[in-house]
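Visitor: Residue numbers (my numbering), protein chains in the order written: chain W, 6 to 447; chain H, 4 to 180.
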Amino acid sequence: MKNRFMIAALAAVLALGTSAPVLAQGSPLRLTITDGVIEPLPFAVPTFTAETAGAEQLASDISRLVAQDLSGTGLFREIPSSAYISQMGAFGSPVAYPDWRAINAQALIGGAVAVNGDQLTVKFRLYDVFTGAELGEGLQFAGTTGGWRRMAHKVADAAYSRITGEGGYFDSRVVYVAEQGPKDNRQKRLAIMDFDGANTQFLTDSSAIVLAPRFSPSGDRVLYTSYESGFPRINLLDVGSVTKRQVATAEGEMAFSPRFSKDGSRVVYSIANGGNTDLYMSDLNSGASTRLTNAPSIETAPSFSPDGSQIVFESDRSGGSQIYIMSAGGGEPRRVSFGEGRYGTPVWSPRGDLIAFTNQNGGQFHIGVMRTDGSEERLLTTSFLDEGPTWSPNGRVLMFTRETQGAGGTSALYSVDISGRNLKEIPVQGGASDPSWGPLQP
Amino acid sequence: MKMTTKAMLVLLALSTAACTRPDRFGGANGADGMANGGAPLGNTMPAGNGGASDPRSAAYFQQTVGDRVLFVVDSSSLTPQGQATLDAQANWLQTNSDYLAIIEGHADEQGTREYNLALGARRANAVREYLASKGVAATRLRTISYGKERPIEVCSNEECYAKNRRAVTVISVGSLS
Numbered sequence: 006m007k008n009r010f011m012i013a014a015l016a017a018v019l020a021l022g023t024s025a026p027v028l029a030q031g032s033p034l035r036l037t038i039t040d041g042v043i044e045p046l047p048f049a050v051p052t053f054t055a056e057t058a059g060a061e062q063l064a065s066d067i068s069r070l071v072a073q074d075l076s077g078t079g080l081f082r083e084i085p086s087s088a089y090i091s092q093m094g095a096f097g098s099p100v101a102y103p104d105w106r107a108i109n110a111q112a113l114i115g116g117a118v119a120v121n122g123d124q125l126t127v128k129f130r131l132y133d134v135f136t137g138a139e140l141g142e143g144l145q146f147a148g149t150t151g152g153w154r155r156m157a158h159k160v161a162d163a164a165y166s167r168i169t170g171e172g173g174y175f176d177s178r179v180v181y182v183a184e185q186g187p188k189d190n191r192q193k194r195l196a197i198m199d200f201d202g203a204n205t206q207f208l209t210d211s212s213a214i215v216l217a218p219r220f221s222p223s224g225d226r227v228l229y230t231s232y233e234s235g236f237p238r239i240n241l242l243d244v245g246s247v248t249k250r251q252v253a254t255a256e257g258e259m260a261f262s263p264r265f266s267k268d269g270s271r272v273v274y275s276i277a278n279g280g281n282t283d284l285y286m287s288d289l290n291s292g293a294s295t296r297l298t299n300a301p302s303i304e305t306a307p308s309f310s311p312d313g314s315q316i317v318f319e320s321d322r323s324g325g326s327q328i329y330i331m332s333a334g335g336g337e338p339r340r341v342s343f344g345e346g347r348y349g350t351p352v353w354s355p356r357g358d359l360i361a362f363t364n365q366n367g368g369q370f371h372i373g374v375m376r377t378d379g380s381e382e383r384l385l386t387t388s389f390l391d392e393g394p395t396w397s398p399n400g401r402v403l404m405f406t407r408e409t410q411g412a413g414g415t416s417a418l419y420s421v422d423i424s425g426r427n428l429k430e431i432p433v434q435g436g437a438s439d440p441s442w443g444p445l446q447p
Numbered sequence: 004m005k006m007t008t009k010a011m012l013v014l015l016a017l018s019t020a021a022c023t024r025p026d027r028f029g030g031a032n033g034a035d036g037m038a039n040g041g042a043p044l045g046n047t048m049p050a051g052n053g054g055a056s057d058p059r060s061a062a063y064f065q066q067t068v069g070d071r072v073l074f075v076v077d078s079s080s081l082t083p084q085g086q087a088t089l090d091a092q093a094n095w096l097q098t099n100s101d102y103l104a105i106i107e108g109h110a111d112e113q114g115t116r117e118y119n120l121a122l123g124a125r126r127a128n129a130v131r132e133y134l135a136s137k138g139v140a141a142t143r144l145r146t147i148s149y150g151k152e153r154p155i156e157v158c159s160n161e162e163c164y165a166k167n168r169r170a171v172t173v174i175s176v177g178s179l180s
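#1: Do you know offhand how far Phe236 of chain W's Cα is from Ser76 of chain W's?
#2: If I measure Cβ to Cβ from Ala10 of chain H and keep anything under 8 Å in the same chain, skipping five residues before and after, which residues do I get?
#3: Do Ala170 of chain H and Arg116 of chain H come within 8 Å of each other at the CB atom, strictly closer than that value?
#4: Going by Cα to Cα distance, which pick from H:Gly150, H:Ala61, H:Leu122 and H:Ala55 is closest to Ala104 of chain H?
#5: Is the beta carbon of Val120 of chain W less than 8 Å from the beta carbon of Ala203 of chain W?
#6: For Ala255 of chain W, which option in W:Asp288, W:Ala361, W:Ser211 and W:Ser223 has the closest C-alpha, if you only look at C-alpha atoms?
#7: Grab me the residues of Ser148 of chain H's own chain with a C-beta within less than 7 Å of its C-beta, minus the 5 sequence neighbours each way, in chain order.
#8: Rounded to whole angstroms, what's the CA-CA distance from Gln97 of chain H to Gly279 of chain W? Just pull it up for me.
#9: Flag this pair as touching only if the stretch 143-151 of chain W and the stretch 365-385 of chain W have three or more C-beta atom pairs under 8 Å; answer yes or no.
#10: Report the residues of the stretch 304-338 of chain W with a CB closer than 9 Å to any CB of chain H, ordered along the chain.
#11: Residues in the same chain with beta-carbon distance under 6 Å from Phe261 of chain W, minus the five sequence neighbours each way, listed in chain order, please.
#12: Report the CB separation of Lys193 of chain W from Val179 of chain W in whole angstroms; it is logged as a contact under 8 Å.
#13: Can the beta-carbon of Thr363 of chain W be found closer than 8 Å to that of Pro338 of chain W?
#14: Quick check on this structure: which residue in W:Phe135, W:Gly335 and W:Val127 has the alpha carbon closest to the alpha carbon of Val103 of chain W?
#15: The beta strand (DSSP E) spanning Asn121 of chain W covers which residue range?
#16: Interface residues of chain W around Arg71 of chain H at Cβ under 8 Å?
#17: By how many angstroms is the C-alpha of Val273 of chain W removed from the C-alpha of Leu144 of chain H?
#18: Please confirm if Ile174 of chain H has its CB atom under 8 Å from at least one CB of chain W.
#19: So the candidates are W:Ser424, W:Tyr89, W:Ala417 and W:Lys429; which of them puts its Cα closest to the Cα of Gly436 of chain W?
#20: Looking at Phe96 of chain W: is its Cβ nearer than 8 Å to the Cβ of Phe48 of chain W?
#21: Can you confirm whether Tyr133 of chain H, when its beta carbon is compared against all beta carbons of chain W, has any partner nearer than 8 Å?
#22: Would you mind telling me which residues of chain W sit closer than 9 Å to Ile147 of chain H, beta carbon to beta carbon, in chain order?
#23: Have a look at W:Asp189, W:Gly173 and W:Gly414 and flag the residue whose alpha-carbon is nearest the alpha-carbon of Arg401 of chain W.
#24: With a CB to CB cut of under 8 Å and the five nearest residues on each side skipped, what residues in its chain are close to Cys163 of chain H?
#25: By Cβ distance below 7 Å, which residues in the same chain neighbour Trp153 of chain W in space, the five residues on each side in sequence not counted?
#26: Can you look up Phe389 of chain W in the DSSP assignment and give me helix, strand or coil?
#27: Which residue wins for smallest C-alpha separation from Ser175 of chain H, given the options H:Arg168, H:Tyr102 and H:Ser136?
#28: In chain order, what residues of the same chain have a beta carbon less than 6 Å from the beta carbon of Glu56 of chain W, not counting five sequence neighbours either side?
#29: Quick one: does Ile106 of chain H have its CB under 8 Å from some CB of chain W?
#30: In whole angstroms, give me the CA-to-CA distance for Gly79 of chain W and Ala135 of chain H.
#31: Under the assumption that Leu384 of chain W contacts Ile423 of chain W (Cβ atoms under 8 Å), give the Cβ distance between them as a whole number of angstroms.
#32: Per DSSP, Asn278 of chain W is paired with what?
#33: Determine which residues share a DSSP beta bridge with Asn167 of chain H and list them.
#34: In the stretch 390-405 of chain W, which residues sit with their C-beta less than 8 Å from some C-beta in chain H, listed in chain order?
#35: Run down chain H in chain order and give the residues with a C-beta less than 7 Å from the C-beta of Ser388 of chain W.
#36: Indicate whether Val421 of chain W and Leu445 of chain W have their beta-carbon atoms separated by less than 8 Å.
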C-alpha cells in the first residue's frame with residue numbers, strides 16, 4: 006500500500022520535469038494515507054458547468070468549496086485555473102487528458118449544476134488523469150439551493166473517498182460551546198456548525214454554564230453538562246427541534262461528563278458524591294442506572310470503543326491522572342498510558358485502532374494519539390492549553406480546543422491530522438471550545 | 004417522623020437556596036462583585052442593616068470571617084491557614100444558624116475541564132467535611148464544583164492560579180418566607 010503511494014508521489018514529483026505521462030502510466034489514482042504523506046496530490050476543479058440560466062454563481066461557489074475541502078485536508082494541492090491549458094467541455098464529454106497531464110493534474114473533477122426554483126442538482130465525475138480513465142461512476146446529488154454547501158461537501162467526500170479508499174468527513178457537523186466575554190465573566194452556550202465553521206446555529210442561550218457536549222452516534226441528539234438547575238446536571242437536546250430535557254441519572258450531588266453508548270440508547274457519565282467522582286451508566290429512556298466504577302479516586306471523561314464492548318476513561322487512582330480501559334459493564338480496568346505527565350480526555354477512534362487524548366507535561370498541553378494498548382504514543386500538538394480532542398468521522402483528523410494564556414486569553418477550535426500535520430484553526434466567530442464531531446450526514 | 008419532617012424542611016430550604024443560583028456569573032444579573040468579597044447577597048439578606056459592620060451579615064462573613072480557602076496545585080488538602088479560616092466559618096455558622104451554605108469548589112486553568120470539575124468537587128467536599136466536623140449540621144451545607152469555569156483572577160501564572168484554586172462558602176438565608 007505504501008509503495009503504491011510512493012510511486013504516485015514520485016510520478017508527481019518527476020512530472021514537474023520531463024516525460025511525466027510516460028512515467029505515470031499504469032500508476033492509478035490512489036493516495037494511500039500514511040504518516041509519510043508529505044507531497045500533496047495535485048488536482049484540478051474547473052468551474053462546474055451551469056446547466057441552467059442563473060446557476061453560474063452556485064456552480065462557481067460549489068466548485069470552489071469542493072476544492073477548498075480537498076486542499077484543506079493537506080493531502081491534496083489544487084492547481085490554479087491560471088495554469089489550465091484547456092477547459093472542460095460539456096459535462097460528460099471527452100476529456101483532453103494530455104492537457105491536464107501537461108500541468109501535472111493527477112485528479113480532475115468535472116461537474117455541472119442546475120437550478121430550478123429552489124431545487125439544486127449537482128453532478129460530478131472524477132477523472133484519473135494519468136491513466137486517462139474515469140475513477141468511479143458519475144454521481145448526482147439533488148437538494149435545495151440553501152443546502153448548496155452540503156452538496157459541495159458530498160462531492161468532495163466522494164472524491165476524497167475514491168482517491169484515498171477511506172471515508173470522507175466534509176458533510177459533517179460539529180457541536181461545540183460558543184464563548185463570549187472575558188475569562189472572569191465568560192458566557193457559554195451550545196452551538197452547532199458545519200465541520201468547516203459555516204452555518205452556525207445556537208442551541209441554547211448563555212443563561213447557564215454549558216460544558217462538553219457530545220453528539221449521538223447518528224447526530225440527531227446532543228448530551229451535555231448544564232448548570233441550568235443551579236447545579237451540574239446532564240441534559241439531552243434534540244438537534245432537529247432544539248428541545249431539551251434533563252436526563253435521569255444515579256443519585257449524586259453533581260452529574261457531568263456524559264457520553265452516548267454506540268447505539269445511542271444509554272449514557273455513561275460521572276457522578277460526584279462526597280467529593281468522590283465515579284462512572285455510571287444510565288438508560289436514556291427508563292433512567293435505570295448502573296455503577297461502573299467504585300474507587301476513592303476521580304473517574305471521568307469516558308469514551309466507548311467502536312464495538313461498544315469497552316470504555317476508556319481517565320482516573321487519578323495511581324496519583325496523577327492516567328488513561329484506563331475497562332469492560333463496558335465495569336470491572337477491573339487496565340492502565341494504558343505510561344508516558345510523562347498527566348493524561349486525560351481519552352477518545353476512542355471510530356476506526357478502533359487509536360485513542361486520542363490530552364497530555365499535560367512540563368507546563369504545556371498536548372493532543373496526542375496512542376494505540377489502544379498504550380504503545381506508539383505520539384504527541385501531535387503543543388501549546389499553552391490544548392484539550393479535548395474529537396475524531397473526524399473517518400478517524401483521520403482531530404479537532405480540539407486551544408486556549409491562549411493571560412488576561413486576554415480566548416478559546417478557539419483547531420484541527421490536526423493524526424500524522425501531526427495540517428494544524429489549523431477552524432474559522433468560528435467568537436470564542437469556541439469543547440468540539441464534538443458528528444457523523445457523516447445521510 | 005418528626006426528624007424526617009425536619010429533614011425535608013431543611014431540604015426544601017436548601018433547594019430554595021439553590022434558586023438563588025450559586026452560578027454568580029451566569030445568572031440573570033450577570034457578573035457581580037461578590038468574587039471581590041464586597042457585594043451583598045441581594046434579597047437573601049436577613050433583617051438587620053446587613054452591612055459589613057453587622058456581625059450577622061453576609062458581608063461580615065465574607066470580609067471579616069473570610070469566605071474562602073485556597074489549595075495547592077491538584078490538591079484538596081486543607082492548609083493550616085485554610086483550617087483556621089474554616090474554624091471561624093464554623094463558629095459563625097453555628098452562631099448564625101438561620102444561614103445555609105453552598106460551598107463552591109474551583110480549580111485553576113491548568114487541567115482539563117472535566118477533571119477540574121471533579122477536583123473542584125473534592126475541594127468543596129473537603130470544606131464541607133471540615134465544617135461538619137466542627138459541628139455545623141451537614142444538612143445546612145451543600146457543595147458544587149465550577150471546575151475552571153469561574154476564575155476570579157485572569158492572569159496565567161501562579162500568582163493568579165493560587166487565588167483561583169479555592170473553595171468559597173456562599174451563605175444565604177434558608178427561610179422560606
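For every residue, glycine included, the Cβ atom is placed at its ideal position computed from N, Cα and C.
Guide: Let me spell this out:
#1: 44 Å
#2: Here the model assigns Ala10 of chain H a pLDDT of 45, short of 50, so the residue's position is not dependable, and the following value carries that caveat. So the qualifying residues of the chain are Thr142.
#3: no
#4: H:Ala61
#5: no
#6: W:Asp288
#7: Gly108, Leu120, Gly123, Ala124 and Ala127
#8: 22 Å
#9: no
#10: Glu304, Thr305, Ala306, Glu319, Asp321, Gly325 and Ser326
#11: Here Phe261 of chain W has Thr230, Pro237 and Ser275 as same chain residues with Cβ atoms under 6 Å from its own Cβ, once five neighbours each way along the sequence are excluded.
#12: Actually they are not in contact, since the Cβ atoms of Lys193 of chain W and Val179 of chain W sit about 16 Å apart, beyond 8 Å.
#13: Result no, Cβ atoms of Thr363 of chain W and Pro338 of chain W do not sit closer than 8 Å.
#14: Note that residue 103 of chain W corresponds to Pro in the displayed sequence, not to Val. The residue with the shortest Cα to Cα distance from Pro103 of chain W is W:Phe135.
#15: Ala112 to Asn121
#16: What Arg71 of chain H touches in chain W: nothing, since even the nearest Cβ is about 15 Å away.
#17: 28 Å
#18: no
#19: Of the candidates W:Ser424, W:Tyr89, W:Ala417 and W:Lys429, W:Ala417 places its Cα closest to the Cα of Gly436 of chain W.
#20: Going by C-beta atoms, Phe96 of chain W is not nearer than 8 Å to Phe48 of chain W.
#21: So, not an interface residue.
#22: Tyr232, Gly235, Phe236, Pro237, Glu258 and Met259
#23: W:Gly173
#24: Non-local C-beta neighbours of Cys163 of chain H in its own chain, meaning closer than 8 Å and more than five positions away in sequence, comprise Asp111, Pro154, Glu156 and Val157, ordered along the chain.
#25: Leu63, Asp66, Ile67 and Leu125
#26: Of the three classes helix, strand and coil, the one that applies to Phe389 of chain W here is coil, per DSSP.
#27: The residue among H:Arg168, H:Tyr102 and H:Ser136 with its C-alpha nearest the C-alpha of Ser175 of chain H is H:Tyr102.
#28: Counting only Cβ-Cβ distances below 6 Å, and skipping sequence neighbours, we find Ala117 and Ala119.
#29: no
#30: 58 Å
#31: Their Cβ separation, rounded to whole angstroms, is 12 Å, which puts Leu384 of chain W and Ile423 of chain W out of contact at 8 Å.
#32: W:Asn281
#33: None; Asn167 of chain H has no bridge partner.
#34: Leu390, Glu392 and Gly393
#35: By Cβ distance, chain H contributes nothing, its closest Cβ being about 12 Å from Ser388 of chain W, past 7 Å.
#36: no
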